[in-house]
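Here is the structure we will look at.
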Amino acid sequence: MFWNTILNESRTTTPILEFLRHASKKTGGSTKNTSCKVKPKRRGWKVQDGHSVRLGHILATQLTTRFHPGLNVGLGRNGTLFAIEAGKVVVTCEKFDPDWEHTWVQRIYAGRENQTIFKKYFNVIPEPQHTRFKLVDEV
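Just so we're aligned: 4 in UniProt numbering is position 4 of the sequence shown, and the numbers increase by one with no gaps anywhere.
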């Protein structure tokens with residue numbers, strides 16, 4: 001019995017040490033060259049000269065005015081050229097006669113008012129209509 005009391009006292013007086021480990025952050029790698037896998041924007045010609053297009057088809061995308069809208073071609077807010085009518089695409093190189101009130105012209109061609117500039121124009125020649133018409137009274 002004497003030994004039991006000594007053993008019990010020794011067990012209770014001995015401090016129990018427990019260690020608790022927390023999550024720690026390891027050193028990170030270099031983030032200097034992370035932008036090397038950016039997908040390209042693929043701007044430029046979408047339709048070649050002589051191809052047929054439908055209404056609203058995108059002809060070219062551009063960041064600056066490399067190409068200009070011609071006959072039956074519209075210019076989007078981001079510089080996209082699109083077909084206003086269905087027909088055949090014709091690309092021509094013409095003398096540039098700008099509308100100096102347009103914001104794109106003011107931004108890109110400022111200071112070049114007296115120069116002769118030649119630019120590529122996208123034109124859409126409409127498809128010929130059929131000549132088989134019927135009068136409304138006969139229908």
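All C-beta atoms, glycine included, are put in the ideal place defined by N, C-alpha and C.
Which runs of the beta strand (DSSP E) fall wholly inside the region 81-124 and span at least 3 residues, in chain order?
81-83, 87-95
According to the neighbour-count rule (16 or more other Cβ atoms, all chains shown, within 10 Å of its Cβ), is Val136 buried or exposed?
exposed
Just grab the DSSP bridge partners of His68 for me.
Tyr121
Per-residue burial, Thr64 [other beta carbons within 10 Å of its own, 16 or more giving buried]:
exposed
So Phe67 packs on Val89, CB below 8 Å; how close in whole Å?
Not quite, the Cβ-Cβ distance comes to about 11 Å (not below 8 Å), so this is no contact.
With a 10 Å radius around its C-beta and 16 neighbouring C-beta atoms as the bar for buried, classify Phe82 as buried or exposed.
That one is buried.
Closest by CA to Asn114, which one among Arg21, Asn72, Lys120, Trp100?
Measuring from the Cα of Asn114, the nearest candidate turns out to be Trp100.
Counted within 10 angstroms of its Cβ, other Cβ atoms place Val38 as buried (16 or more) or exposed:
exposed
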